[in-house]
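Residue numbers (this note's numbering), protein chains in the order written: chain A, 1 to 182; chain B, 1001 to 1156.
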């Protein structure tokens, strides 16, 4: 069934529709929030809030025919705005912890190196200005188009393109400084 | 050597160029080390960002989301039902009054109209009768009495 059908059913209060939309979008939204916040627990808490917001605000959603993933963009808009609020609230207290610390098992060398590398990338990403971080994440991780990103962030397409370019440039500088790129 | 604008290079990387532009950039990249390096760097960054795995949503968080969503949907369902009930009651109320009003007004209006008609007829008839009885005797009496008094008699 298409997104729009599930959305129509959710507007009528269907639990099945909620579950279907959750299964489709929650993992991506969680990754997006984790990417922006850098903390798995906070990302989960915010995902919970976003899912409740989805139920509350579903009546206000209207599909945009010019956009391929209209509902996805709407959901990302909700979660991005919520994440921005959260980041502003805790400004100055930003965590740089990206690795999952719950694992108590000793890691194999290769896995450990991968985790370390991921931790480094996560830290570097957090050093990007928020706008650049969001644009890079939405384009690279979530594979959204310029138009969709522009609808999510409320900026015009040219600003998105410029931010994306600056994000890549800054990321390259940071990786070079860390010796993680030739 | 002239280089394409940075925006064009980025669009090339994003596969967002039309074929003719794409061909020109491709040709340029074959001879320009600087731009080729930029494209390679973009690819490295993309791979590094993409390869970073995100933790899965915990089963506990998922359970909490489903439970709260269920509650919220049930609440919304109840609110919706209450709203529908209120709307139905209002509709019934208006319908009842509409019926009452349409019945109450039509009958007295008809009664009033017929009564007015009857009254109008009665008044008209009465007026005609009054006119006849009032003017006839006065005019004849006066004429008769006046002429009788004033007219000189023959032979006077």
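All C-beta atoms in this analysis are idealised placements derived from N, C-alpha and C, irrespective of residue type, glycine included.
Among the options, nearest to residue i - alpha-carbon criterion
i                       : options                 : result
residue 66 of chain A   : A:169, A:180, A:150     : A:150
residue 2 of chain A    : A:12, A:15, A:35, A:20  : A:20
residue 1084 of chain B : A:12, A:121, A:49       : A:12
residue 1056 of chain B : A:63, A:39, A:68        : A:39
residue 14 of chain A   : A:158, A:69, A:58, A:89 : A:58
residue 175 of chain A  : B:1114, B:1086, B:1048  : B:1048
residue 121 of chain A  : B:1068, B:1050, B:1111  : B:1050
residue 18 of chain A   : B:1115, B:1073, B:1116  : B:1073
residue 1058 of chain B : A:81, A:56, A:55, A:26  : A:26
residue 1039 of chain B : B:1117, B:1090, B:1015  : B:1015
residue 1068 of chain B : A:56, A:68, A:81, A:69  : A:56
residue 80 of chain A   : A:138, A:69, A:41       : A:138
Span separating the alpha-carbon of residue i from that of residue j
i                       : j                       : result
residue 51 of chain A   : residue 1063 of chain B : 12 Å
residue 1160 of chain B : residue 1123 of chain B : Given a span of 1001 to 1156 for chain B in the structure shown, any question on residue 1160 of chain B remains unanswerable.
residue 77 of chain A   : residue 23 of chain A   : 18 Å
residue 170 of chain A  : residue 154 of chain A  : 23 Å
residue 71 of chain A   : residue 1013 of chain B : 27 Å
residue 1007 of chain B : residue 61 of chain A   : 33 Å
residue 1060 of chain B : residue 1011 of chain B : 42 Å
residue 1100 of chain B : residue 1076 of chain B : 36 Å
residue 183 of chain A  : residue 1025 of chain B : Coverage of chain A is limited to positions 1 through 182, which leaves residue 183 of chain A absent and any answer about it impossible.
residue 1088 of chain B : residue 167 of chain A  : 57 Å
residue 106 of chain A  : residue 127 of chain A  : Low confidence applies to residue 106 of chain A: its pLDDT is 47, below 50, so where it sits in the model is not reliable, and the reading given next is rough at best. Taking the straight line from one Cα to the other gives about 29 Å.
residue 1107 of chain B : residue 1082 of chain B : 38 Å
residue 1017 of chain B : residue 142 of chain A  : 20 Å
residue 84 of chain A   : residue 49 of chain A   : 14 Å
residue 1030 of chain B : residue 157 of chain A  : 29 Å
residue 1002 of chain B : residue 146 of chain A  : 27 Å
residue 1113 of chain B : residue 1105 of chain B : 12 Å
residue 1079 of chain B : residue 119 of chain A  : 47 Å
residue 6 of chain A    : residue 1071 of chain B : 19 Å
Neighbour flag for residue i against chain B, beta carbons, 8 Å
i                      : result
residue 141 of chain A : yes
residue 129 of chain A : no
residue 81 of chain A  : no
residue 149 of chain A : no
residue 65 of chain A  : no
residue 26 of chain A  : yes
residue 121 of chain A : yes
residue 35 of chain A  : yes
residue 51 of chain A  : yes
residue 15 of chain A  : yes
residue 173 of chain A : no
residue 60 of chain A  : no
residue 77 of chain A  : no
residue 161 of chain A : yes
residue 71 of chain A  : no
residue 181 of chain A : yes
residue 31 of chain A  : yes
residue 20 of chain A  : no
Cβ-Cβ distance between residue i and residue j below 8 Å
i                       : j                       : result
residue 87 of chain A   : residue 46 of chain A   : no
residue 43 of chain A   : residue 53 of chain A   : no
residue 140 of chain A  : residue 163 of chain A  : no
residue 1158 of chain B : residue 172 of chain A  : The shown model of chain B, from 1001 to 1156, leaves out residue 1158 of chain B, and the question about it has no answer.
residue 152 of chain A  : residue 73 of chain A   : yes
residue 1028 of chain B : residue 1005 of chain B : no
residue 125 of chain A  : residue 133 of chain A  : yes
residue 29 of chain A   : residue 75 of chain A   : yes
residue 148 of chain A  : residue 63 of chain A   : no
residue 1009 of chain B : residue 1032 of chain B : no
residue 1177 of chain B : residue 31 of chain A   : The displayed coordinates of chain B run from 1001 to 1156. Any statement about residue 1177 of chain B would go beyond what the structure contains.
Cutoff 8 Å: residue i Cβ touching any chain A Cβ
i                       : result
residue 1055 of chain B : yes
residue 1085 of chain B : no
residue 1036 of chain B : no
residue 1039 of chain B : no
residue 1045 of chain B : yes
residue 1021 of chain B : no
residue 1033 of chain B : no
residue 1065 of chain B : yes
residue 1049 of chain B : yes
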